[in-house]
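Some notes on the structure that comes next.
There are 2 protein chains.
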Amino acid sequence: MENLFRILKKANVPPSMQRIKILEYLQTGHNHPTADMIYQALKGQMPTLSKTTVYNTLRILVEHNLISEFRMFENEVRYEYDPLPHIHFKCDRCGAIYDLHTGAGMLESGMIDGHRITCRQINLKGVCRACLKGSADA
Amino acid sequence: MENLFRILKKANVPPSMQRIKILEYLQTGHNHPTADMIYQALKGQMPTLSKTTVYNTLRILVEHNLISEFRMFENEVRYEYDPLPHIHFKCDRCGAIYDLHTGAGMLESGMIDGHRITCRQINLKGVCRACLKGSADA
DNA sequence: TTCAAGATTGTAATGATTACAATATAAAAT
DNA sequence: ATTTTATATTGTAATCATTACAATCTTGAA
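Note that the protein sequences, when read in sequence, are chains A and L. Residue numbers for the first sequence, in this note's numbering: 5 to 142. Residue numbers for the second sequence, in this note's numbering: 5 to 142.
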């Protein structure tokens, strides 16, 4: 809590209750929520919270590199706190999104075909481990 | 044209003028259009064309594996005809999307961490070759 | 030729996100 | 501490891609 306060301060984001709570939410096991999921989760403890504030705050946190955003196969942006490079895997059946820290080393080169690569999005789809275990077509 | 007719037939998609024209558009150098771009491009030669038909047709063509769809960093679906596995690269400056057939071999394994991978989306961002050539920070 | 299935169309609805203006809060200056 | 000023938060309305739906048109089979 004090911790989050300092993190925001250090990143030149003036701390506020809303910003602390949203950043805290992303740092405590809630891995790939949408803006609406965050809003739904926090409005209980912050009754005056506005969805616009959630969107504004997420944009600011992304701009200051405190969190990152990505899209998978749906029309919705997901947010995460995870500084390590990794791959997102979404299960076709249960919809869960897994972080794969395996093999994240490929594509490390900053130049491909003369283009300068500054941002990578690697999205996979399929059937996840848990679903495979419970079905016949494993 | 007759060619496209046969392709649709073979894929169990009853051919129609709309379907032929949309598939033709994707096969003739128009690489990553959105549904709206296709609609705008074709309504000149097909005045009665409806945007709903464009969406319906694209969905059908995707379902029958005649084309594929993907999203990059914006809220819009893009469509392409390109059977080869490749990586999409979007230039931060001009917005152009390049197909990179370089190094598409990595991530080839069908299993990662016990998940079955059936679909891959690899999106890169940065500054493209053409933009770099015309600027000082190359 | 008739009929039925499927294709196309236009309009209205949806859902995520953004724009905007008003209010509230916090920081700076006196 | 009080005033002033900048910034943050909020609610409502707008936007934009996409989808739902119902009506009309085509087409292939009987």
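Backbone N, C-alpha and C define an ideal beta-carbon position, used for all residues, glycine too.
| Item | Value |
| --- | --- |
| Using 8 Å for Cβ pairs, my map puts A:I26 next to A:T61. What's the rounded Cβ distance? | 5 Å |
| From A:A108 to A:K55, what distance separates their C-alpha atoms? | In this prediction, A:A108 has a pLDDT of 43, which is less than 50 and means its spatial position is unreliable; nothing more can be read from the coordinates. |
| List, in chain order, every chain A residue whose beta-carbon is nearer than 9 Å to that of L:Y59. | In chain order: nothing, as chain A lies at least about 14 Å away. |
| Going by other Cβ atoms of all chains shown within 10 Å of its Cβ, with 16 needed for buried, is L:K94 buried or exposed? | buried |
| If I measure Cβ to Cβ from A:Y85 and keep anything under 7 Å in the same chain, skipping five residues before and after, which residues do I get? | L30, Q31, I71 |
| If you check the beta carbons only, do A:R75 and A:V81 fall under 8 Å apart? | yes |
| Within 8 Å (strictly less), CB to CB, does L:H119 reach chain A? | yes |
| Which residue from L:P18, L:K137, L:I121 puts its Cα closest to that of L:I64? | L:P18 |
| If you compare alpha carbons, which of L:H68, L:E78, L:F77 is closest to L:A15? | L:H68 |
| To which residues of the same chain is L:I101 closer than 6 Å at the C-beta, ignoring the five residues directly before and after it? | H36, H92, K94 |
| From this set, L:E78, L:Y83, L:C98, L:D103, which residue's C-alpha is nearest L:P89's C-alpha? | L:D103 |
| Using a Cβ cut-off of 7 Å, pull out every chain L residue sitting near A:C98, in sequence order please. | Correct list: empty, because the minimum Cβ distance to chain L is about 11 Å. |
| On the DSSP letters alone, give me the boundaries of the alpha helix (DSSP H) that A:R10 sits inside. | 6–14 |
| Excluding sequence positions up to five away, which residues of its chain have a Cβ less than 6 Å from the Cβ of A:E73? | V66, V81, Y83 |
| So, with DSSP's three-state summary, where would you put L:R75? | strand |
| So which residues on chain L does A:V146 lean against when the C-beta distance must stay under 7 Å? | The first residue shown for chain A is 5 and the last is 142, placing residue 146 of chain A beyond what the model contains. |
| What residues of chain A sit near L:R133, judged by a beta carbon separation below 8 Å? | D117, G118, H119 |
| Rank A:I116, A:R120, A:C132, A:G118 by C-alpha distance to the C-alpha of L:I116 and give the top, closest one. | A:C132 |
| So what's L:D103 in DSSP terms, helix, strand or just coil? | strand |
| Starting from the beta carbon of L:L104, find every residue of chain A whose beta carbon is closer than 7 Å, and list them in chain order. | I116, D117 |
| So that I know if they touch, is there some Cβ in chain L lying closer than 8 Å to that of A:R75? | yes |
| Short of 6 Å in beta carbon distance, which residues of its chain neighbour A:H119, apart from the five on each side in sequence? Order them along the chain. | none |
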